[in-house]
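Here is the structure we will look at, set down as structure tokens.
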Amino acid sequence: MTNALLEVEHLSKSYGGVHAVEDVSFRLFAGEMLALIGPNGAGKSTCFNMVGGQIPVGAGRIRITGRDTIGLSPRQIFRLGVGRTFQVAQVFKSMTVRENVETVFASRDGGLGFLGRAGSAHRTAAEEVLALTGMAEFAKRPCADMAYGDVKRLELAMALANDPKLLLMDEPAAGMAPLERVELMALTARIARERQIGVLFTEHDMDVVFAHADRMMVLNRGRLIAEGAPETVRRDPQVRAVYLGEGLVYDQAAAARRADA
Numbered sequence: 001m002t003n004a005l006l007e008v009e010h011l012s013k014s015y016g017g018v019h020a021v022e023d024v025s026f027r028l029f030a031g032e033m034l035a036l037i038g039p040n041g042a043g044k045s046t047c048f049n050m051v052g053g054q055i056p057v058g059a060g061r062i063r064i065t066g067r068d069t070i071g072l073s074p075r076q077i078f079r080l081g082v083g084r085t086f087q088v089a090q091v092f093k094s095m096t097v098r099e100n101v102e103t104v105f106a107s108r109d110g111g112l113g114f115l116g117r118a119g120s121a122h123r124t125a126a127e128e129v130l131a132l133t134g135m136a137e138f139a140k141r142p143c144a145d146m147a148y149g150d151v152k153r154l155e156l157a158m159a160l161a162n163d164p165k166l167l168l169m170d171e172p173a174a175g176m177a178p179l180e181r182v183e184l185m186a187l188t189a190r191i192a193r194e195r196q197i198g199v200l201f202t203e204h205d206m207d208v209v210f211a212h213a214d215r216m217m218v219l220n221r222g223r224l225i226a227e228g229a230p231e232t233v234r235r236d237p238q239v240r241a242v243y244l245g246e247g248l249v250y251d252q253a254a255a256a257r258r259a260d261a
């Protein structure tokens, strides 16, 4: 494959004498679900946040759709066609579901004009995104009244409102019930393939990772120790030793303990 949406080359970041990320390189392609996993302290959050612009790059290069993004702010990266969701959903609780999505369209087009006229100008587009994510029936509901699983789906709708080429998802299943996790990631995978969006996501729930990732990358102590299809990574002796465990048994309680650690 060529023409990667995301190209990361020799990415590194140190804090004092600690190498949080060391010489990490990878590519992500259109329509692909790529999982970044590793034990606590492996450097995955640092790597992920350098890609999104939340953390300055120590060394290396990041290109999104061919453009070098080193030194760009998160907002500048957003304008390149990048969507982002967070471990703890980031929405405006005082607004309705539809108003949340309208703000993204207004911001993408250069201003918020809060909200009135700007909101009505983007209403049809917002309703289309809500329908795409199964949220149309909640359009007029205040976010403060929403169940958390629905809030996470709203956050996905907000990320899609930017019409992204690249979607960054930081532990998308965190805090959700098991069935909600499956539904959210199945929805994300379907949309990614239909719209040819590249998705980079971190996740502690191995059931989610193995069910939905096309490829996986495993970090340990800042270094990339394995990359490939889920079954290839599952069998990797080094991965089994440092992260997954010999039995490769995944259960919700274990995933929750890892997430809380």
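Residues in the sequence shown are numbered consecutively from 1, following the UniProt record's numbering.
By construction, the Cβ of each residue, glycine as well, lies at the ideal position given by its N, Cα and C atoms.
Here the structure is a predicted model, which means the values were calculated and not measured.
- Using a Cβ distance threshold of 8 Å, phenylalanine 48 and leucine 34 do not count as a contacting pair.
- Under DSSP, threonine 96 takes part in a beta bridge, and its partners are Pro142.
- Here the alpha carbon of glutamate 227 sits roughly 42 Å from the alpha carbon of serine 94.
- Glutamate 227 is bridged by DSSP to Met217.
- Within its own chain, the residues whose Cβ lies closer than 6 Å to the Cβ of histidine 19, once the five positions on either side in sequence are excluded, are Gly222, listed in chain order.
- When only Cα atoms are considered, aspartate 236 and arginine 153 end up about 34 Å apart.
- Between valine 8 and isoleucine 62, the CB-CB gap stays under 8 Å.
- Unbroken alpha helix (DSSP H) stretches of 4 residues or longer found wholly inside the stretch 120 to 192: 123 to 132 and 148 to 160, given in chain order.
- Taking 8 Å as the cut-off, the beta carbon of leucine 224 is found closer than this to the beta carbon of valine 24.
- Each residue's CA atom was taken as its position, placing asparagine 220 and glycine 38 some 6 Å apart.
- Contact between alanine 125 and phenylalanine 105 holds, with the beta-carbon distance rounding to 6 Å and staying under 8 Å.
- For glutamate 128, the closest alpha carbon among the candidates Ala229, Asp145 and Ala161 is that of Ala161.
- By the CB criterion at 8 Å, lysine 165 and glycine 81 fall inside the cutoff.
- Contact between alanine 192 and glycine 66 does not hold, since the beta-carbon distance rounds to 20 Å and is not under 8 Å.
- In this structure, the straight-line span from the alpha carbon of glutamate 22 to that of leucine 184 is close to 32 Å.
- Take arginine 84, set aside five residues on each side of it, and the residues of its chain with a beta-carbon closer than 7 Å to its own are Gly52, Ala159 and Leu168, in chain order.
- Assignment of phenylalanine 86 by DSSP, reduced to helix, strand and coil, places it in the coil class.
- In the DSSP assignment, the residues bridged to isoleucine 62 are Val8.
- Annotated three-state conformation of alanine 30 is coil, per DSSP.
- Assignment of aspartate 207 by DSSP, reduced to helix, strand and coil, places it in the helix class.
- Here DSSP, grouped into helix, strand and coil, assigns valine 21 to strand.
- Take the alpha-carbon of valine 97 and the one of arginine 240: they are about 42 Å apart.
- Cβ contact annotation for valine 91 (same chain, cutoff 8 Å, sequence separation greater than five): Asn100, Cys143, Val151, Leu154, Glu155 and Met158, in chain order.
- A straight line joining the alpha-carbon of methionine 135 with that of glycine 149 spans about 11 Å.
- Under the criterion of beta carbons closer than 8 Å, valine 208 and arginine 181 qualify as touching, at roughly 6 Å.
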